[in-house]
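To start, the structure under review is shown below, and the notes come after it.
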Amino acid sequence: MQEQSHTFNNGTVVSFININLAMTTGGNGYQTDSYINGKEAKEVKRLKGIPANFSGQCYQPKSKGSKQVYCI
(Lines of atoms letter the chains of each structure in order from A and count residues from 1; the text may use other names and numbers.)
(Lines give C-alpha, C1' and ligand atoms only; values in the text may rest on other atoms or scores of the structure.)
Protein backbone atom coordinates (compact mmCIF):
# COMPACT_ATOMS: atom_id res chain seq x y z
CA MET A 1 0.00 0.00 0.00
CA GLN A 2 1.62 3.21 -1.16
CA GLU A 3 1.12 6.14 1.18
CA GLN A 4 1.41 9.63 -0.20
CA SER A 5 1.31 12.86 1.72
CA HIS A 6 0.57 16.41 0.68
CA THR A 7 1.45 19.59 2.52
CA PHE A 8 -1.02 22.42 2.01
CA ASN A 9 0.11 26.05 1.88
CA ASN A 10 -0.81 26.54 5.52
CA GLY A 11 1.52 23.73 6.59
CA THR A 12 -1.12 21.06 7.19
CA VAL A 13 0.12 17.64 6.12
CA VAL A 14 -2.47 15.14 4.91
CA SER A 15 -1.78 11.52 3.99
CA PHE A 16 -3.53 9.93 1.03
CA ILE A 17 -3.82 6.14 1.06
CA ASN A 18 -6.03 3.41 -0.34
CA ILE A 19 -9.06 2.89 1.87
CA ASN A 20 -11.37 -0.13 1.65
CA LEU A 21 -15.08 0.68 1.72
CA ALA A 22 -17.62 -2.10 2.22
CA MET A 23 -21.38 -1.71 1.84
CA THR A 24 -23.45 -3.72 4.29
CA THR A 25 -27.17 -3.98 4.89
CA GLY A 26 -28.75 -4.00 8.30
CA GLY A 27 -31.79 -2.87 10.24
CA ASN A 28 -31.02 0.75 9.39
CA GLY A 29 -30.61 0.15 5.67
CA TYR A 30 -27.33 0.51 3.85
CA GLN A 31 -24.23 1.32 5.83
CA THR A 32 -20.70 1.98 4.61
CA ASP A 33 -17.91 0.44 6.63
CA SER A 34 -14.42 1.80 6.06
CA TYR A 35 -11.13 0.16 6.91
CA ILE A 36 -7.60 1.62 6.96
CA ASN A 37 -4.84 -0.97 6.96
CA GLY A 38 -7.38 -3.57 8.07
CA LYS A 39 -8.64 -1.52 11.02
CA GLU A 40 -12.14 -0.07 11.17
CA ALA A 41 -12.28 3.68 10.60
CA LYS A 42 -14.83 6.47 10.87
CA GLU A 43 -15.41 9.47 8.65
CA VAL A 44 -14.23 12.77 10.11
CA LYS A 45 -15.95 16.06 9.30
CA ARG A 46 -14.68 19.64 9.57
CA LEU A 47 -11.00 19.07 10.14
CA LYS A 48 -9.02 22.09 11.24
CA GLY A 49 -6.31 23.18 8.86
CA ILE A 50 -7.66 21.60 5.69
CA PRO A 51 -8.48 24.22 3.04
CA ALA A 52 -12.17 24.81 2.33
CA ASN A 53 -11.67 23.95 -1.34
CA PHE A 54 -10.67 20.36 -0.49
CA SER A 55 -13.69 18.27 -1.44
CA GLY A 56 -12.46 14.81 -0.45
CA GLN A 57 -13.48 12.66 2.48
CA CYS A 58 -11.32 12.15 5.55
CA TYR A 59 -11.20 9.10 7.81
CA GLN A 60 -9.62 8.33 11.16
CA PRO A 61 -9.04 4.87 12.66
CA LYS A 62 -11.50 4.12 15.47
CA SER A 63 -8.79 2.76 17.77
CA LYS A 64 -8.21 4.89 20.85
CA GLY A 65 -5.27 7.24 20.73
CA SER A 66 -5.17 7.36 16.94
CA LYS A 67 -4.54 10.91 15.81
CA GLN A 68 -3.64 10.14 12.20
CA VAL A 69 -6.24 11.24 9.66
CA TYR A 70 -6.37 9.96 6.09
CA CYS A 71 -8.09 11.74 3.23
CA ILE A 72 -9.21 10.49 -0.17
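If you count the sequence shown from 1, position 52 lands on 54 in the numbering used here, and the numbers rise without skipping.
Positions of the beta carbon are idealized from the N, C-alpha and C atoms, including for glycine.
Note that the structure is predicted; figures quoted are calculated from it, not measured.
Proximity of residue i and residue j at Cβ, strictly below 8 Å
i, j, result
"S36", "E45", "yes"
"S7", "K41", "no"
"G51", "N12", "yes"
Neighbour-count burial assignment, residue i, 16 or more Cβ in a 10 Å radius
i, result
"I74", "exposed"
"M3", "Here M3 scores only 43 on pLDDT, less than 50, and its place in the model should not be relied on; the value that follows carries that caveat. So M3 counts as exposed."
"V16", "buried"
Rounded Cβ spacing between residue i and residue j (contact assumed at less than 8 Å)
i, j, result
"A43", "Q70", "About 10 Å separates the two Cβ atoms, so there is no contact after all."
In DSSP terms, what residue i is bridged to
i, result
"I38", "K41"
"Q62", "K44"
"V71", "V71 is not bridged to any residue."
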